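J.:
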Amino acid sequence: MDPMAAIRQTFFQECEEQLAELESGLTNMDGGAADAETVNAVFRAVHSIKGSAGIFALDELVKFAHVFETTLDAVRSGRLPATPDVIKILLQASDTLSDVVRAARGDGAADDEKTQKVVAALKKLIAPASEQSAPAASSAKPAEAPLEALPPAEKIWVISFKPRPELYANANEALPLLRELGRLGQTEVVLDDTTLPALPDLDPEGAYLTWTVTLHSACEETAIREVFEFVEDDCLLEIAAQGSAEAVDEGFDLGEGFEFEIFAPGGEGVDFEIYAPDADEPAVIVEPVHAEQAAVGPVEAMAAKAEAGAPVGATIRVDLDRVDRLINLVGELVINEAMLSQRVLEAGITRASAVAMALEELEHLTREIQDSVMAIRAQPVRSVFMRMPRLVREVASQTGKQVRLLTEGEGTEVDKTVIERIADPLTHMIRNAIDHGLESAEGRAAAGKPLEGTVKLIAVHRSGRIVLEVSDDGGGINRPRVKQKAIENGLIAPDAQLTDNEIDNLIFLPGFSTAQTISNISGRGVGMDVVRQSVQALGGRISITSVPGVGSTFTLSLPLTLAVLDGMVVRVGSHTMIVPLGTVIETLKPKPENVHALDAQHRVLSLRGGYTPLIDVAEILGYSDTPIDLAKAVALLVEGEGGRRAVLLVDAIDGQRQVVIKSLEANYRAVPGIAAATVMGDGRVALILDIDAVVSVTRTEAGRRADSKAVEISFKSEMSHV
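Each residue of the sequence shown is one higher than the last, beginning at 454 in our numbering.
Here's what the structure looks like:
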C-alpha cells in the first residue's frame, strides 16, 4: 500500500473517533451539561480534524471546520451562550462536518447548498452585535467607546518548537503547524539545525531540528497552544509572552545581547535573556530562565519539563484481519487442547500424575489467552449509539415530530463483529419507532401526552448475551389495522384466529407495511423483515411488547461474541450437544410423581409450587421416537428470552467446557432449534442448542427431525475442508 494512502486512511479513522466525541459532547450539551470540560472536548474534536485535514490539503474540510471551530471558541470563552437554539445549530454543523469528512474520503459528495446554509448560520452566531442589529438613531452626543471595544494591543510571542520522533511517526509535520501560526499574525521563523548529525550518523526516523518563531499578534496564549494541541505530547514546546510591541519599541534601545536579573517582591530572582538581532529592530525577550535552569539550554529545559509530566497510555492500531486471524488460531488452540485432554483421559492417566497436572496448567493458560484475545475485539456499543442522534434528528425533521432520544448502557461491551452488524437493524427500528410508533403532535396533545415524544435505546448484559431494547412512548401497535392489512396483502386467511403476540409479529413478514403513503422513510414493505433476518443471522432473536396508548418495546437478544461460548456438555441419546451455560439455572433429577401429562404430547413438571413445561430434547430433534425414561433422565431448568422457562430432559451431563463456535448457516444451513456447532476434543461435531427456540416448541415438527438427523453428517463433511 502507498505510505501516504495508509496515513490518509489512519487520518479518516481518527476523524470517525473525533466525530463520535463531537456528537457525544453536543448531545450532552443539549441535555444541559454545558460545563467547561464538555465544551473543551467538543472544541478539541473539531480543532483536531481541522489541523490534520490541513496536512492533506483538504481545503473544503479545513474551511468548514475553521468556521465551526471559531463558533465553538466563542461558546468556550463565554461570548456566545450555549442556548438551545445555539446548540441546535451546532448539532446541524456536526452533521454537516460528518458529510464533509465523508466527501473528503471519497464516499459521495457533500450537499454544498446545505453546507453553505450551515456556514451562514454559524457566522451569524458569532457576528458582532453591531452587524446583527442596527443601532437606533439618536440626536444625543455619541457615547465614548467602552474599553472592551478597543482593539487589544499587539504582543510579541516567542515559540520554541522541537519535534520528537513520535511526531513524524504519527504522520504529522512541522510545516502545517508553522503555517497555522502564520494565520494568527506576522511571524519570523528561525531554523536551528546545529544538532543535525553527519549523513552516516543520521537516523532516518530521528528528529534533529528546532524552530523558533517570533509571532506578532494580539492573540492569547491559548490560541497558540491550540495550534499544537494535537501534537503537544510529541514535541518540546515553549511559549513566552514578551509584552506589547509598542512597549518594546519605545522602552529600550539595546544594541547587543545581554542578561539582567529582575527581583519580584518577596520572590527569587529570575534571569532574562534579551537579544536585539539588528540595530534597526526592536529587542525581543527570548526566554525567562530560572536560576536552576541557567546552566542548561532551552531545549534541555523543555525536555526536563516534558519528562516530569504524567505518563500517557500508549495505543497501537492493528489491522482487523490480523486480529481475526489471531482469534481463529486461538480457537484452533482451544480445540487441540481439548483433543489432548481427551487423549490423556482415554489413556487412563491419573489426575495426580505430572502429565495431567501439566495439562491442567495448559488448560488454564489457554483459557487466559482466549479471554485476553477476545477482549481485544470487545468494544462498547457506544460507537453504534453515537450514530443514532443524527438519525433521530433527520427522521424527526422529515416527519415533523418532536423527538428526544435517551440512551443507556453505551459502555456495554460486545464483540466487534456483532457491533458492525447491529447498526442496520437498530437504524430500521428507530426509524420505525419515530414514523409508526410516535403519534403526531396533534395526536399526542389529544391523548394528554407531551408534544415531544421519547425513544429509548438501551443495552445491557443478560444471561451471557447482550440485550438491546428500542422503546417509544407512542400509541402502541394498532392490532386491528395490522391484522386487516395482513388479510388485504394475502399474508393470512380472513378467518385466522391470532393472539396479540402473533398479530404483533406480522410486522416482520416480508412486504408488510401499514403506511398510508410511500415516503422516503417507509411504505414499501421493507425494513422490519430485514431486521429479523439480520438478527437471526447473528444467532439472536427479536420480540415485541406493545400496550395500546402507552407504547412499544422491541427487544433484541444477541450473543456477546460469535467466536466462543461457555457451555454445558450433555448427551442426548448417542449424540453430544452443548447447552449455553448462561441459560442454565439449575440441574435436577425429576421424580415421576411430579410429572403431569397435559395431552399425548405435552408434559409439565411440578416445581416449587408451579408448573414448568417438560421438553424431551431427543424427541423434538428427531433423535428418538420414544419418550425418555424419567428414571434415567437428567433435567436442566433453563430460562429463555423474556423470562420463559422450561425443563430440558437429557440422558447425561458430561461437564462444562468453553467451546469454539462454528457457524452452522455458513457451513450447512440454518436449522430451527440449533444455534451453531462446535468441534469436541474427540474430533466429533457437537450441536449447540438454541434455547429460546427450544423453549418455544409446543409440538414436534417432522421437518426439524429430518434436519437434525442430517446436519451432523453434512456439517462434519464441510468442516473437514475448513
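C-beta: ideal position from N, C-alpha, C; glycine also. No experiment lies behind these values; they were computed from the predicted model shown.
May I ask which residues mark the beginning and end of the beta strand (DSSP E) holding Glu847?
T.: Here residue 847 is taken as the residue at index 394 of the sequence shown, counted from 1. Going by DSSP, Glu847 is part of no beta strand (DSSP E) but of the alpha helix (DSSP H) stretching over 841-852.
J.: Below 8 angstroms on the Cβ atoms is my contact criterion, and I expect Glu658 with Ala622 to pass it. Report the Cβ-Cβ distance as a whole number of Å.
T.: Locating residue 658 in the sequence shown gives position 205, counting from the first residue. Locating residue 622 in the sequence shown gives position 169, counting from the first residue. Sure, about 7 angstroms apart at Cβ, within 8 angstroms.
J.: What separation, rounded to the nearest whole angstrom, lies between the Cα atoms of Glu821 and Val1112?
T.: Taking the first residue of the sequence shown as 1, we reach residue 821 at position 368. Taking the first residue of the sequence shown as 1, we reach residue 1112 at position 659. Going by the C-alpha atoms only, they are around 14 angstroms apart.
J.: On a Cα-Cα basis, can you pick out the residue from Asn954, Asn958, Asp953 that is closest to Leu944?
T.: Indexing the sequence shown from 1 puts residue 944 at position 491. When only C-alpha atoms are compared, the closest one is Asn958.
J.: Thinking C-beta only, is Lys909 closer than 8 angstroms to Leu844?
T.: Here residue 844 is taken as the residue at index 391 of the sequence shown, counted from 1. Here residue 909 is taken as the residue at index 456 of the sequence shown, counted from 1. Result no, Cβ atoms of Leu844 and Lys909 do not sit closer than 8 angstroms.
J.: Would Leu1102 and Ile1068 be called neighbours here (beta carbons separated by less than 8 angstroms)?
T.: Here residue 1102 refers to the residue found at position 649 of the sequence shown. Here residue 1068 refers to the residue found at position 615 of the sequence shown. Cβ atoms of Leu1102 and Ile1068: closer than 8 angstroms.
J.: Are Arg532 and Asn493 close, meaning C-beta to C-beta below 8 angstroms?
T.: In the sequence shown, counting from the first residue as 1, residue 532 sits at position 79. In the sequence shown, counting from the first residue as 1, residue 493 sits at position 40. In this structure, Arg532 keeps its C-beta atom at 8 angstroms or more from the C-beta atom of Asn493.
J.: Could you please give me the residues that DSSP links to Leu910 through a beta bridge?
T.: Here residue 910 refers to the residue found at position 457 of the sequence shown. DSSP lists Thr860, Val923 as partners of Leu910.
J.: Count Cβ pairs between the region 1018-1025 and the region 890-905 that sit closer than 8 angstroms; are there 3 or more?
T.: no
J.: Report the three-state DSSP secondary structure of Phe464 (helix, strand or coil).
T.: By 1-based counting over the sequence shown, the position of residue 464 is 11. Three-state result, Phe464: helix.
J.: Per DSSP, Gln855 forms a beta bridge with which residues?
T.: Residue 855 sits at position 402 when you count from the first residue of the sequence shown. BP columns for Gln855 point to Glu905.
J.: Please list, in chain order, all residues of the same chain as Gln545 whose beta carbon is under 6 angstroms from its beta carbon, the five residues on each side excluded.
T.: Locating residue 545 in the sequence shown gives position 92, where the first residue counts as 1. Its chain contains Val571 as the residues whose beta carbon lies nearer than 6 angstroms to that of Gln545, once the 5 sequence neighbours on both sides are disregarded; these appear in chain order.
J.: Does DSSP classify Ser1005 as helix, strand or coil?
T.: As a working mapping, residue 1005 is identified with position 552 in the sequence shown. Strand.
J.: Enumerate, from N- to C-terminal direction, the unbroken beta strand (DSSP E) stretches of 3 or more residues contained entirely within the region 659-687.
T.: 663-670
J.: Report back the beta-carbon spacing between Arg497 and Glu633 to the nearest angstrom; my notes put them in contact at under 8 angstroms.
T.: Sequence index remark: in the sequence shown, residue 497 carries index 44 (1-based). Sequence index remark: in the sequence shown, residue 633 carries index 180 (1-based). In fact, because the Cβ distance is near 15 angstroms, the residues do not count as touching under 8 angstroms.
J.: Is Tyr1064 buried or exposed, if buried means 16 or more other CB atoms sit within 10 Å of its CB?
T.: Position 611 of the sequence shown, counted from the first residue, corresponds to residue 1064. Classification for Tyr1064: exposed.
J.: Per DSSP, what kind of secondary structure is Ser410 in: helix, strand or coil?
T.: With the chain represented from 454 up to 1175, any question about residue 410 goes unanswered, as that position is not in the structure.
J.: According to the Cβ coordinates, are Leu1192 and Ile677 closer than 8 angstroms?
T.: No answer is possible for residue 1192: it lies beyond the span of the chain, which begins at 454 and ends at 1175.
J.: Return helix, strand or coil for Asp548, following the three-state DSSP convention.
T.: To locate residue 548, count along the sequence shown from 1; it is residue 95. Looking at Asp548 - three-state DSSP - the assignment turns out to be helix.
J.: According to DSSP, simplified to helix, strand and coil, what is Arg617?
T.: Within the sequence shown, residue 617 is the residue found at index 164, counting from 1. Looking at Arg617 - three-state DSSP - the assignment turns out to be coil, as it is neither helix nor strand.
J.: Nearest CA to the CA of Leu446: which residue from Arg461, Leu1089, Arg915, Phe965?
T.: No statement about residue 446 is possible, as the shown extent of the chain runs from 454 to 1175 and does not include it.
J.: When DSSP labels each residue in this structure, what does Gly1063 get in the three-state scheme?
T.: Translated into the one-based positions of the sequence shown, residue 1063 becomes position 610. Of the three classes helix, strand and coil, the one that applies to Gly1063 here is strand, per DSSP.
J.: For Pro1133, does the three-state DSSP call read helix, strand or coil?
T.: In the sequence shown, counting from the first residue as 1, residue 1133 sits at position 680. A quick correction: the sequence has Met, not Pro, at residue 1133. In this structure, Met1133 counts as coil in the three-state DSSP scheme.
J.: Keeping to the same chain, check which residues put their C-beta closer than 7 angstroms to that of Ile872; ignore five residues upstream and five downstream.
T.: Working through the sequence shown from its first residue, we reach residue 872 at position 419. Closer than 7 angstroms at Cβ, skipping near neighbours: Gln832, Val834, Ser836, Val837.
J.: Where Arg1097 and Glu513 are concerned, what is the direct C-alpha to C-alpha distance, given to the nearest angstrom?
T.: Your numbering for residue 1097 matches position 644 in the sequence shown. Your numbering for residue 513 matches position 60 in the sequence shown. As the crow flies, the alpha-carbon of Arg1097 is around 56 angstroms from that of Glu513.
J.: When you compare each of Met1030, Ala1053, Ala1099 to Ile1076 by their alpha carbons, which one comes out closest?
T.: Taking the sequence shown and counting its residues from 1, one reaches residue 1076 at position 623. Correcting the residue identity first, residue 1076 is Tyr in this sequence and not Ile. Nearest C-alpha to Tyr1076: Met1030.
J.: Measuring CB to CB, does Pro1066 end up less than 8 angstroms from Val1100?
T.: In the sequence shown, residue 1066 corresponds to position 613, counting from 1. In the sequence shown, residue 1100 corresponds to position 647, counting from 1. Cβ atoms of Pro1066 and Val1100: closer than 8 angstroms.
J.: Pick from Ala886, Ser924, Ile609: whose alpha carbon is nearest that of Thr852?
T.: Residue 852 sits at position 399 when you count from the first residue of the sequence shown. If we check each option's Cα against that of Thr852, Ala886 comes out closest.
J.: Taking 8 angstroms as the cut-off, does the region 473-485 touch the region 544-563 (at least 3 CB pairs, one atom from each stretch)?
T.: yes
J.: Look at the alpha carbon of Leu649 and the alpha carbon of Glu691, and state the distance between them as a whole number of angstroms.
T.: Position 196 of the sequence shown holds residue 649. Position 238 of the sequence shown holds residue 691. Between Leu649 and Glu691, the C-alpha separation is close to 21 angstroms.
J.: Considering only C-alpha positions, which residue in the set Ala693, Glu814, Leu689 is nearest to Ser670?
T.: Counting from 1 along the sequence shown, the entry for residue 670 is found at position 217. Considering only Ala693, Glu814, Leu689, the residue with the shortest C-alpha distance to Ser670 is Ala693.
J.: Would you mind working out which of Ile1106, Pro842, Ile1081 sits nearest Glu1039, comparing C-alpha positions?
T.: Counted from its first residue, the sequence shown places residue 1039 at position 586. Closest by alpha carbon: Ile1106.
J.: Around the Cβ of Asp868, are there at least 16 other Cβ atoms within 10 angstroms (buried) or fewer (exposed)?
T.: Residue 868 sits at position 415 when you count from the first residue of the sequence shown. Asp868 should be labelled buried.
J.: Rounded to the nearest angstrom, what separates Pro933 and Glu922 at their Cα positions?
T.: Here residue 933 refers to the residue found at position 480 of the sequence shown. Here residue 922 refers to the residue found at position 469 of the sequence shown. Roughly 25 angstroms separates the two Cα atoms.
J.: Would you call Asp560 buried or exposed, if buried means 16 or more other Cβ atoms sit within 10 Å of its Cβ?
T.: Walking along the sequence shown from the start, residue 560 turns up at place 107. It counts as exposed.
J.: Just mark Thr647 as buried or exposed, buried being the case when its beta carbon has 16 or more other beta carbons within 10 Å.
T.: By 1-based counting over the sequence shown, the position of residue 647 is 194. Result: exposed.
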